[in-house]
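The structure appears right after this line, and notes come after that.
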Amino acid sequence: MSTVEARAGAEIVTGGPGGPAGPGAARAAVPRDAGRRVRGNTWRLLGSEVGLTFRRPRNLVMLAVLALVPAVIGVVLRTVSAGGAEGDAGAIIGAVAGNGMLLAFVSLFVLVPLLLPVAVAVVAGDAIAGEASLGTLRYLLAAPAGRTRLLAVKYVNAVVFGLAATAVVAASALVTGFALFPIGPVTLLSGSTIPVAEGMLRVLIAVAYVGAGMAALSALALAVSTLTEAPIGAIAGTVVFVILTQVLSTIPQLAVIEPYLLTSYLPRFDGALRDPVATEEMTRGLLAFAAHIAVCGSFAWARFHSRDVTS
Amino acid sequence: MSTAKPGETPLLAGDRGTVGTAVPARSRGTGLDEVRGTSEGASPPSPPAQDCSIVTRGLTKRFRGGQVAVDDLHLAVPRGSVFGFLGPNGSGKTTTIRMLLGLVTPTSGGCEVLGEELPGGLGAALPRVGAVVEGPAFYPYLSGAANLRRFDAADPAADRRTAPDRIGAALDRVGLSAAAGKRYRAYSLGMRQRLAIAAALLRPRDLLILDEPTNGLDPQGTREVRALVREIAADGTTVFVSSHLLAEVEQMCTHIAVMRTGRLVAQGPLAELRGGAAPRIRIETPDAARAAAVLGRLGLAAVRAGEGEASAEPGEVPTERICAELVGDGVAVRGLAVQRPSLEDVFVRLTGEGFDVDG
Ligand SMILES: Nc1ncnc2c1ncn2[C@@H]1O[C@H](COP(=O)(O)OP(=O)(O)O)[C@@H](O)[C@H]1O
Ligand SMILES: [Mg+2]
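Line by line, the protein sequences are chains S and X. Throughout the first sequence, residue numbering follows my numbering, covering 3 to 313 in sequence. Throughout the second sequence, residue numbering follows my numbering, covering 7 to 365 in sequence.
Okay, structure coming up:
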């Protein structure tokens, strides 16, 4: 009790509480510009975000699985091609067996419908909901990360992850293809042949296109992520959307909605395998991705700005 | 003179006069701003807003579902004070703090933090505010130091070049240096709480907001937090600390505000709150009635005679004179004590009900 009173007395003498200490008086310990932004602060936050994403065991496991699938496909094709096969499968097997570079496209065809979107949904769907469920969202915002800044950094991080995941698939496929099959001029879907260097360029175009599609999916997952405090809900919601839209697009009566579905445009990366590259079709896909990013991004921003953070 | 710094003395000395005039203006009656149900609630008396680190005006939060968590709250937290924000569980302390940090949007009313009106001034105010809100929350798979690095990166005013030093100093300040490299998942509750305080101390702050900072700490940890709060306040930082423990607030705060079901019951300087309640002299004696008569004869107020004891408010009468008179009158004095009322007594008197700290 005596210590409290001594302190209270000291306060009156120093004029600490209630004293009209002008700007700077009570703040001697803290420089006037203590609240000023330092340069490159947003890059630092992005670096922290990317570092967290790419160090997180769960995400590394997903990347490892994505890298493993092309290797497995390659080994299977190699085994099967030795025995000889017929029909559609036979054509694919024959193509890859003839040129390892095509394994990159085959792998993307296998992974783009589900596994790649799942990996992206896990990172992007976790973006806000995951921080909310940990309770770290309140500390990030109190830091203050700033809602727009945090959302932008989270989105860029998800885009980086989506692109990295796609690149991992292509890289693993190319390594496997180079190791197991002959490499040479690539025969395109249209029947013409292009040299190896241009074949590599076509793979890059496909990766960039799928990466853009994953960016659009990230925007959707991020929007869902601002709606909930349960990351699993945001992830599952996005995955269900991806599956459902692909199922719906196979129903002939629902053909009218197909142009509005994000997933209709994802497999269009095969335009990179045509001669010349199907720029018109791929541009339409990119515009659809941009539209999705704009709509979902605006929604996520509006929602995150008005959200009460009570977790 | 804990808060005085050599260079500041003239300015601070100049403040004294204003404090002297401000206190009487504020100390009508009990010395406590009784805001409940009074018209004063709409415009709380001094201190003036520019001398406050936090000002709220009619701050109200009604959650979806109709729950009114904070109801027409008028707070004025003087700069440099250690301000205790007291109330039972569920009385709206955390919700108020969330509104001060821009996490929750008020339904109505407004607030000002470090002179910046919210929500517009959030970006300017928050880098100067350190906060612990509703317990610690960190990434379980990161070490303590990596967690601090993460939150430092989120602060746009934090310089990455000085980060390692500042993180080291913050960990050192809360006694976590040895556990800096350990994963947060392996931290005990006390260590987690201290890491949360370290995160609030990553940069020099003008205002520190601590929501129940001693929750989950053992008595030793509680003492350490109290010492830390005093130390931080001595640097000139305003500390706004919420608690549901009256005794704790009493031990470290210069000012307090009391919440009950979302409403402010009282606020003011602790010394005035306590000064408002007169001390009592208690005499332990088998002759309670006779003792009471003597006390009455001496002109003491509020004389009471009970089973084996008599008591009264001594006012200006010296204790030794009361004692001499009692003995001179042949009262068998077995014990004699002057008791200052505890804050709890003050609240019981002011609010007419007990302060059930556990809700
Ligand atoms: N997100 C929320 N939705 C609805 N009611 C809430 C929410 N958060 C808090 N409350 C209610 O608001 C009241 C005040 O809560 P809180 O501010 O946490 O109190 P304290 O921190 O003093 O214990 C409580 O009755 C609580 O149930
Ligand atoms: Mg609380």
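Think of the CB as a built atom: it goes at the ideal place given N, C-alpha and C, for glycine as much as any other residue.
Check whether the Cβ of residue i lies closer than 6 Å to any heavy atom of ligand 3, and answer yes or no.
i: X:K67; result: Although ligand 3 was asked about, the structure shown includes only ligand 1 and ligand 2 as ligands.
Hey, quick one: how far does the beta strand (DSSP E) through residue i stretch, first residue to last?
i: X:C117; result: 114-119
i: X:T244; result: 244-249
i: S:Q255; result: Careful: S:Q255 lies outside any beta strand (DSSP E) and carries neither H nor E.
i: X:A284; result: Segment: none, X:A284 is in no beta strand (DSSP E) and carries neither H nor E.
i: X:L342; result: 341-345
i: X:V309; result: 307-312
i: X:E319; result: 315-319
i: X:V180; result: From DSSP, X:V180 is part of no beta strand (DSSP E); its letter is neither H nor E.
i: S:A280; result: It is not in any beta strand (DSSP E) - S:A280 carries neither H nor E in the DSSP assignment.
i: S:A169; result: It is not in any beta strand (DSSP E) - S:A169 instead sits in the alpha helix (DSSP H) that spans 149-182.
i: X:A143; result: Segment: none, X:A143 is in no beta strand (DSSP E) and carries neither H nor E.
I need the straight-line Cα distance from residue i to residue j, nearest angstrom please.
i: X:T101; j: S:W303; result: 23 Å
i: X:R211; j: X:M197; result: 22 Å
i: S:A154; j: X:L349; result: 49 Å
i: X:A294; j: X:V138; result: 52 Å
i: S:G96; j: S:L105; result: 11 Å
i: X:L65; j: X:D161; result: 27 Å
i: S:S109; j: S:W45; result: 33 Å
i: X:L276; j: X:A307; result: 24 Å
i: X:V74; j: X:L124; result: 20 Å
i: X:R209; j: X:G174; result: 12 Å
i: X:G279; j: X:G115; result: First, the amino acid is wrong: residue 279 of chain X is Leu here, not Gly. Between X:L279 and X:G115, the C-alpha separation is close to 27 Å.
i: S:I253; j: S:T265; result: 14 Å
i: S:L79; j: S:G213; result: 26 Å
i: S:V82; j: S:P269; result: 25 Å
i: S:V249; j: S:Y141; result: 41 Å
i: S:V77; j: S:V177; result: 12 Å
i: S:R60; j: S:N159; result: 16 Å
i: S:T138; j: X:R134; result: 19 Å
i: X:C117; j: X:H80; result: 9 Å
i: S:A73; j: S:A208; result: 19 Å
i: X:T168; j: X:G136; result: 17 Å
i: X:I238; j: X:V245; result: 8 Å
i: X:P324; j: X:R229; result: 36 Å
i: S:L143; j: X:D78; result: 25 Å
i: X:G90; j: X:E315; result: 35 Å
i: S:A66; j: S:I234; result: 21 Å
i: X:A311; j: X:F144; result: 58 Å
Residue i by DSSP, collapsed to three states: which one?
i: X:K67; result: strand
i: X:D57; result: helix
i: X:E198; result: Per the sequence presented here, residue 198 of chain X reads as Arg, with Glu not at that position. In the structure shown, X:R198 sits in a helix (DSSP, three-state: H, G or I).
i: X:R209; result: coil
i: X:E265; result: Residue identity differs from the one stated: residue 265 of chain X is Met in this sequence, not Glu. DSSP places X:M265 in strand when its eight states are reduced to three.
i: S:D272; result: helix
i: S:G100; result: helix
i: S:V40; result: coil
i: S:L105; result: helix
i: X:A204; result: helix
i: S:R309; result: coil
i: X:G274; result: strand
i: S:G299; result: helix
i: S:E200; result: helix
Which residues of chain C have a Cβ atom closer than 7 Å to the Cβ of residue i, listed in chain order?
i: S:Y141; result: In summary, chain C is missing from the structure at hand, where the protein chains are S and X.
Counting along the chain, where does the alpha helix (DSSP H) carrying residue i start and finish?
i: S:A123; result: 117-136
i: S:G53; result: 43-57
i: X:C329; result: 325-334
i: X:A163; result: Note, X:A163: premise wrong, no alpha helix (DSSP H); not H, not E.
i: X:A297; result: 294-303
i: X:L128; result: 128-131
i: X:R236; result: 225-240
i: X:E218; result: That residue, X:E218, is in no alpha helix (DSSP H); it is neither H nor E in DSSP.
i: X:E254; result: 252-258
Can you tell me which residues fall inside 7 Å of ligand 2, judged by beta-carbon distance to its nearest heavy atom, and keep chain order? Ordered along the chain, the selected set is X:N95, X:K99, X:T100, X:E140, X:D217, X:E218, X:S248.
Any beta strand (DSSP E) of 3 or more consecutive residues that is wholly inside the stretch 69-106 of chain X: 74-79, 82-84, 88-92
Which ranges does the alpha helix (DSSP H) cover as unbroken runs of at least 4 residues, wholly within the stretch 209-264 of chain S, from first to last along the chain? 233-250
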